[in-house]
Structures are given as C-alpha cells and as structure tokens.
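*Asks:*
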Amino acid sequence: MEDLVNQLKVQIIKALKLEDVKPEDINPTAPLFGDGLGLDSIDALELIVLLEKEYGLRVENAASAKKIFLSIQSMADYIAEHKKA
Amino acid sequence: MSSKGFIKSYSIIRNNQAILNGEEFLKGAPEDDFATFIRSLYKRLEITHSPFYKMDDMCKLGLMATELILKDAAIKEKYTETEIGVVLSNSSSSLHTDTSYYETVRDKNNYFPSPAVFVYTLPNIVIGEICIRNKIKGENTFFIFEEYNPEFITDYVNNLFSSGKLKSCIAGWVEFCEGKYEVFLYLAESDQGDNTIKHTTEQIKKIYNF
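In order, the protein sequences belong to chains A and B.
Sequential numbering of the first sequence, starting at 51, is according to the working numbering.
Sequential numbering of the second sequence, starting at 12, is according to the working numbering.
Encoded structure:
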C-alpha cells in the first residue's frame, strides 16, 4: 500500500504539474481539495483521467468521486480494492 | 491620428531574453529551452503564483511579460478594476495547445482527453490568466493578425481611452507556436502623468524595433 501511495504522489505531481511540490511534502491523508493541495475542478477531472489511464478504473458517479478523491490514501484504497476484483 | 494615450512601460521576451523598458532584465543560456527560460524568469520576478506551473506556454509568456510591465507601475493605486483593460493579438491563435490537445484524443486506442490542456485551447485564455492574477475587470479583446499590426491596436486602444471605457490598458502581441515565441506588451495610460512616450504607431514601432 505504501508503494502505491508513493506512486500516486509522483503521478499526481506530474499530471497536475505541481512543480513546487515534492512527494514527501504531501500528507497522504490530507484533503486533496480545499485546504490540502488546493486543487481545483479541472484538477479533479485530471484525477479522473489519471485513474482510468494508469489503473483502468472508471469513476461512475459524482457521489463515489467525492469519496475516492478525499485524499491520496482514499485514492490508493479505491485502487487497491478495485484492482483486486 | 493624434495620440490619445501614453506608454508607461513595455516588455519584450524573445530568444531567451526578457527586456523591460529597453533594458535587459534577464538573459537565459543559449541552450535553455522555453520551459527552462520562462521558469528562470518566474523565479527572477520573485512571484508566488502556483497556477503558473499549470498554464500552457502562451499563458506563461503573456503572464510574465505582464508581470514585467506592471512591476513598478502601481496601477492598483491609480485605477479601479474596470478602468484597466487588456487588448492582445497574435498570428497562430492557440494552435500550439490545440495540437497538444489533439495528441490526447488522436488515438482511439489511447483516448484520454486532457481537461487541463483543453481549457487552454482558446487564445484569449491568456487574457483571463492576466486578469485573474491582477484583478483586472475592464474591456478585453484578443485579435488574430498575420503579423503584428501596431496601427490597428494603437487606434483600438486609443478609442477605448477617448470613449472613456478605459484609463489604462495592457496591449500588444503574444505569439507562441511550435517552440518559437515572441511577446511585446506595453502598459498604456490615457493620462500623461510622468510618461514621456506617446501611444502612437510610430513610437510603438520604435520601441519594439518592429
């Protein structure tokens, strides 16, 4: 799980061009939106694309998206759970 | 046409060099690519504006050129948000980013449209980025010409001044396509104040070395 979290950090930094952020700066349980990394609505769309492109997982509706994209940890949990299935 | 405005400051960015009011502000190494050079300029300007990193190249270019001309202009102390406008132009519109976006949708077997790239597939997004950063809410327009047209832009901006719609305007040329770039922006004001350069086509050609 730790490897997946670290991999996600690197992928998110690259996909969202967070050039002034290092993987070790990101708290995996901190909120991705709002006070955490301060991501916006376009970033949210990029995260959906990232999930599909890198892990083959589609986000089916807005309600599940809210839970999945709470934090990097919640994203990793979702990936781990659904990649096994 | 008689002058109805004056030029407060101007910037030119091309060939890994940034010029402010005729003086070299930053010169990059000849081997630097655009990304390296524009990041150096961002750091040299000591700006903290994290959206910069997410912008497409034309927006980065336009924003940095604007930072240069507004650096010592204190426009917020002189004008309200709606008294400041932006009138820009270029020749290739947003073609560079349009092509980048096309690459994300070209292959049906690898079809992942990028929302972050898509939002920059209009030339006037650079105006939006400038306005957001500087809280500008006045008249704004983006024109496409085959080449820089100082006669048109000068007349257009002077008309905005004479009609009373604007008291200050960021104007000029922002071109980025296939790695080639050139920007010439200036801050024009309706009142002379301590400005010495008239906002005329002749003066524009002279300072831009057009």
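Glycine included, C-beta positions come from ideal geometry on N, C-alpha and C.
By DSSP, does VAL102 (chain B) sit in helix, in strand, or in coil?
*Replies:* The identity of residue 102 (chain B) in the sequence shown is Ser, whereas the question assumes Val. Coil.
*Asks:* Taking Cβ positions only, does VAL99 (chain A) come closer than 9 Å to chain B?
*Replies:* True, the Cβ-Cβ gap to chain B drops below 9 Å.
*Asks:* Below 7 Å on C-beta distance, what does ALA127 (chain B) contact in chain A?
*Replies:* The contacting residues are ILE92, GLU96.
*Asks:* Under three-state DSSP, which class holds ALA29 (chain B)?
*Replies:* Strand, per DSSP.
*Asks:* Do you know offhand how far LYS148 (chain B)'s Cα is from LEU52 (chain B)'s?
*Replies:* Using only the alpha carbons, I get a separation of about 26 Å.
*Asks:* Taking 9 Å as the cut-off, decide whether the C-beta atoms of HIS105 (chain A) and ILE129 (chain A) are in contact.
*Replies:* Before going on, a small fix: residue 105 (chain A) reads as Tyr here, not His. Yes; because the gap between Cβ atoms is below 9 Å, this pair is in contact.
*Asks:* Unbroken beta strand (DSSP E) runs of length 3 or more, entirely within the segment 158 to 189 of chain B: which are they?
*Replies:* Counting only runs of 3 or more, we get 179 to 188.
*Asks:* Taking CB distances under 9 Å as the criterion, tell me whether VAL130 (chain B) reaches chain A.
*Replies:* So yes, VAL130 (chain B) belongs to the interface.
*Asks:* Which residue's Cα is closest to the Cα of PRO62 (chain B): A:LYS103, A:GLN61, A:GLN123, A:LEU66?
*Replies:* Among A:LYS103, A:GLN61, A:GLN123, A:LEU66, the Cα nearest to that of PRO62 (chain B) belongs to A:LEU66.
*Asks:* How would you list, in chain order, the residues of chain A whose beta-carbon sits under 8 Å from the beta-carbon of PHE123 (chain B)?
*Replies:* Ordered by position in chain A, the residues that pass the 8 Å Cβ test against PHE123 (chain B) are VAL99, GLU102, LYS103.
*Asks:* Let me see if you follow: with CB-CB separation under 9 Å, is LYS67 (chain A) close to chain B or not?
*Replies:* For LYS67 (chain A), the answer is yes, since a Cβ of chain B falls inside 9 Å of its Cβ.
*Asks:* Could you tell me the boundaries of the beta strand (DSSP E) in which GLU34 (chain B) lies?
*Replies:* 34 to 38 is the span of the beta strand (DSSP E), which, as asked, contains GLU34 (chain B).
*Asks:* Just reading off the beta strand (DSSP E) that ALA199 (chain B) is part of, what are its end residues?
*Replies:* Run containing ALA199 (chain B): 191 to 200, per the beta strand (DSSP E) assignment.
*Asks:* Can you find a CB in chain A that lies within less than 9 Å of the CB of ARG50 (chain B)?
*Replies:* Taking Cβ atoms only, chain A reaches closer than 9 Å to ARG50 (chain B), which makes this a yes.
*Asks:* Does the pairing of the segment 55 to 75 of chain A with the segment 111 to 131 of chain A give three or more beta-carbon distances under 8 Å?
*Replies:* As far as the Cβ criterion goes, the segment 55 to 75 of chain A touches the segment 111 to 131 of chain A, which means the pair count is three or higher.
*Asks:* Going by DSSP in three states, LEU89 (chain A) sits in which element: helix, strand or coil?
*Replies:* It is a strand residue.
*Asks:* Let me know if GLY73 (chain B) comes out buried or exposed under the rule of 16 or more other beta-carbons within 10 Å of its beta-carbon.
*Replies:* Burial call: buried.
*Asks:* For PHE156 (chain B), which three-state DSSP category applies?
*Replies:* Coil, per DSSP.
*Asks:* Cβ closer than 8 Å: which chain B residues qualify as neighbours of ASP70 (chain A)?
*Replies:* Simply SER61, TYR64.
*Asks:* According to DSSP, is GLY139 (chain B) part of a helix, a strand, or is it coil?
*Replies:* Three-state DSSP puts GLY139 (chain B) in a helix.
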